[in-house]
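*Asks:*
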């Protein structure tokens, strides 16, 4: 019998085994139904609206878009911003990761914390800090330099804010790759007479190049799909994500807003799959194998000092941004009256308490659902063979590539009419949280399952346990760290969401990030600072509690969000 025939027979046997377990079959069908309803259907609704006119198929909306300079400029601006930010953030992330894992600098733990701290911030917190520091009444521009300028709005401010906000993504991507390069290979090259720069240029950098490209692509997508920062400090620098929001909600031009969302969706999905292809081609660890005793990275004192200064400079910027938010919470009127006050806290308590309570409540509901669903999908994809297994994996990960603006518009179009009238309800917000962040739990679960031998679960099955019982009593306890890491990071993302959520909130169910944005728009910067400060404290407290209760390490939590 040929190998292909053997493989087919094995697949048939595996599928027959799945059919003998009704719980597994029902779970597979339920997951497919939910993925189709909450991922495929909303995106289909966006495409359908953008290609419909007078009840028939038409490309008139796209023709109109490309004939207007304003929208063409938004497209080119988004690409320009994404390119500049991806380049700068990748450089910063690479140098940070190289300094910590290859440069031998001191205070590694401190710098690791500083490198991932921006991840837990609201998406536009740094934009608020930039306004407070460099705006017309900014501490640096107006108070220290005596300038009356709004030059921070537009491309310069966006590049600064997004670079600091997004370089942790590149750092997390590149950290694992740089750790996988055996230092002994570099040491051997130097023992043969190569200089440190030659070793870096001919060994370290080539091995890291695929990871660098992958990190660049992820940051590029994140920059293009960013909504919070451009709407706050974009000024006259129009980008697609904001234009789609303004057309859809402000102008009431639903087809044009949907078309702009599609124009944002197509390149981000393409870049996402390109990044996955690059990272999936193979391992970027040293191909010569692990040595019996791994050496330490060999760097000169001058290089260590230079890397330390670089990391310290980025750290100062991050601390300055965070410190500005804290100080802004206690200043009576930024730029005018610098006296101490607690009135912003009183106002925030009156205005934002119910919204904050609802935000936490909905995030706490969505988090375990996200973690369980992601873990179940990971288990089915890794441990079961059934028709459509690859499709399930693809659909589950697809929402990570879809811009939040497109998700939000799609949910409004899909779930604001019969038979799904869920717009403005808690249900639709929880659903958006779950399916927006389930890829985090899926990736975390798959990574954990790869480290567990299937024979352990096969032994349970051979002893008569069903797949559901094996999953509950064997698999889940073994991947508990990955489960809680994915859950914790999903909670962080739910608490700081904005781009999709802003389309779905209502007077009854608002979100604290939407409230912060509203306070910033009416120039209540002190109140916005207080709300951002409190949101960060809550997130840090939850992360600390989860780490304490589960024994998770900091890197385990944040690496799940890659």
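Residue numbers (the working numbering): 296 to 857.
Built from N, CA and C at the ideal position, the CB exists for glycine as well.
Please read all numbers here as calculations on a predicted model, not as lab measurements.
Do residue 758 and residue 344 have their C-beta atoms closer together than 7 Å?
*Replies:* Along the chain shown, read from residue 1 onward, the residue named residue 758 stands at position 463. Along the chain shown, read from residue 1 onward, the residue named residue 344 stands at position 49. No, these two residues do not count as a Cβ contact at 7 Å.
*Asks:* If you drop the 5 nearest sequence neighbours on each side, which residues of the same chain put their C-beta closer than 6 Å to that of residue 499?
*Replies:* Numbered from 1 along the chain shown, position 204 holds the residue referred to as residue 499. Once the five neighbours on either side are set aside, residue 499 has no close Cβ partner at all.
*Asks:* Starting from residue 534 and walking both ways along the alpha helix (DSSP H), at which residues does that stretch end?
*Replies:* Counting from one through the chain shown, the residue named residue 534 turns up at place 239. Looking at the DSSP string, residue 534 is not in any alpha helix (DSSP H), and its letter there is neither H nor E.
*Asks:* With burial defined as no fewer than 16 other Cβ atoms inside 10 Å of the residue's Cβ, what is the status of residue 503: buried or exposed?
*Replies:* The sequence position of residue 503 within the chain shown is 208, counting from 1. Label assigned to residue 503: buried.
*Asks:* Measuring CB to CB, does residue 400 end up less than 7 Å from residue 394?
*Replies:* For the purposes of this step, residue 400 is taken as residue 105 along the chain shown, with counting starting at 1. For the purposes of this step, residue 394 is taken as residue 99 along the chain shown, with counting starting at 1. It is a contact, given that the beta carbons lie within the stated cut-off.
*Asks:* Give the straight-line distance between the Cα atoms of residue 861 and residue 733, rounded to the nearest whole angstrom.
*Replies:* Beyond the ends of the chain as shown, which are 296 and 857, falls residue 861; an answer cannot be given.
*Asks:* For residue 377 versus residue 449, is the C-beta distance shorter than 7 Å?
*Replies:* Mapped onto the chain shown, residue 377 falls at position 82. Mapped onto the chain shown, residue 449 falls at position 154. Cβ distance not < 7 Å, so residue 377 and residue 449 don't count as in contact.
*Asks:* Please report the straight-line C-alpha distance between residue 334 and residue 794, rounded to a whole angstrom.
*Replies:* Within the chain shown, numbered from 1, the residue matching residue 334 stands at position 39. Within the chain shown, numbered from 1, the residue matching residue 794 stands at position 499. Their backbone Cα atoms lie some 16 Å apart in a straight line.
*Asks:* Thinking C-alpha only, which one of 515, 679, 392, 614 is nearest residue 413?
*Replies:* In the chain shown, residue 413 corresponds to position 118, counting from 1. It is 614.
*Asks:* Compute the Euclidean distance between the alpha carbons of residue 842 and residue 332, then round it to the nearest angstrom.
*Replies:* Counted from its first residue, the chain shown places residue 842 at position 547. Counted from its first residue, the chain shown places residue 332 at position 37. If you take the alpha carbons of residue 842 and residue 332, they lie about 34 Å apart.
*Asks:* State buried or exposed for residue 417, treating a residue as buried only when at least 16 other CB atoms are found within 10 Å of its CB.
*Replies:* To locate residue 417, count along the chain shown from 1; it is residue 122. When all chains shown are included, residue 417 counts as buried.
*Asks:* What residue range does the alpha helix (DSSP H) around residue 438 cover?
*Replies:* The residue given as residue 438 occupies position 143 in the chain shown. Counting along the chain, residue 438 falls outside any alpha helix (DSSP H), and DSSP gives it neither H nor E.
*Asks:* Is DSSP giving residue 524 helix, strand or coil here?
*Replies:* As a first step, residue 524 is located in the chain shown; it is residue number 229 there, counting from the start. Residue 524: helix per DSSP, three-state reduction.
*Asks:* Assuming residue 639 contacts residue 825 (C-beta within less than 8 Å), just tell me the rounded distance between them.
*Replies:* In the chain shown, counting from the first residue as 1, residue 639 sits at position 344. In the chain shown, counting from the first residue as 1, residue 825 sits at position 530. Contact holds; Cβ gap of about 5 Å.
*Asks:* For residue 580 and residue 486, I'd like the C-alpha separation in whole angstroms.
*Replies:* Here residue 580 is taken as the residue at index 285 of the chain shown, counted from 1. Here residue 486 is taken as the residue at index 191 of the chain shown, counted from 1. Residue confidence is low: residue 580 scores 46 on pLDDT, short of 50, so the model does not pin down where it sits. No coordinate-derived value is stated.
*Asks:* For the pair the segment 324-331 and the segment 684-695, tell me if three or more CB-CB distances fall below 8 Å.
*Replies:* Short answer: they touch.
*Asks:* If you follow the alpha helix (DSSP H) that residue 638 is in, where does it begin and where does it stop?
*Replies:* One-based indexing of the chain shown puts residue 638 at position 343. Run containing residue 638: 638-678, per the alpha helix (DSSP H) assignment.
*Asks:* For residue 427 and residue 814, I'd like the C-alpha separation in whole angstroms.
*Replies:* Sequence index remark: in the chain shown, residue 427 carries index 132 (1-based). Sequence index remark: in the chain shown, residue 814 carries index 519 (1-based). Computed Cα separation, rounded: 14 Å.
*Asks:* Name the DSSP bridge partner or partners of residue 711?
*Replies:* Numbered from its first residue, the chain shown carries residue 711 at position 416. In the DSSP output, where bridge partners are listed per residue, residue 711 has 716.
*Asks:* For residue 628, which beta-bridge partners are listed by DSSP?
*Replies:* Stepping through the chain shown from its first residue, residue 628 is reached at position 333. Looking at the DSSP assignment, residue 628 forms a beta bridge with 632.
*Asks:* When you compare only the Cα positions, how much space is there between residue 775 and residue 782?
*Replies:* Translated into positions along the chain shown, residue 775 becomes position 480. Translated into positions along the chain shown, residue 782 becomes position 487. Cα to Cα, the separation comes out at about 10 Å.
*Asks:* Please name the residue, chosen from 527, 788, 791, that lies closest to residue 818 on a Cα-to-Cα basis.
*Replies:* Translated into the one-based positions of the chain shown, residue 818 becomes position 523. Closest by alpha carbon: 527.
*Asks:* Could you name the residues of the same chain whose beta carbon sits closer than 6 Å to that of residue 610, not counting the 5 residues immediately before and after it, in chain order?
*Replies:* Stepping through the chain shown from its first residue, residue 610 is reached at position 315. The answer, listed in chain order, is 409.
*Asks:* How would you write the range of the alpha helix (DSSP H) that residue 780 sits in, first residue to last?
*Replies:* Locating residue 780 in the chain shown gives position 485, where the first residue counts as 1. Unbroken alpha helix (DSSP H) run through residue 780: 775-790.
*Asks:* Got a sec, what are the start and stop residues for the alpha helix (DSSP H) residue 492 sits in?
*Replies:* Position 197 of the chain shown, counted from the start, is the residue given in the question as residue 492. That run of the alpha helix (DSSP H) goes 491-494.
*Asks:* Tell whether a beta-carbon distance below 7 Å holds between residue 834 and residue 415.
*Replies:* On the chain shown, residue 834 is found 539 positions in, with the first residue counted as 1. On the chain shown, residue 415 is found 120 positions in, with the first residue counted as 1. Yes, Cβ-Cβ distance for residue 834 and residue 415 is below 7 Å.
*Asks:* CB-CB under 8 Å to residue 382, same chain, minus the five flanking residues each way: which ones, in chain order?
*Replies:* Residue numbering aside, residue 382 sits at position 87 when the chain shown is read from its first letter. Within the same chain, residue 382 has close Cβ partners 511.
*Asks:* Kindly give me the distance between the Cβ atoms of residue 559 and residue 354, rounded to whole angstroms, as I take these residues to be in contact under 8 Å.
*Replies:* Residue mapping note: residue 559 aligns to position 264 of the chain shown, counting from 1. Residue mapping note: residue 354 aligns to position 59 of the chain shown, counting from 1. Not quite, the Cβ-Cβ distance comes to about 17 Å (not below 8 Å), so this is no contact.
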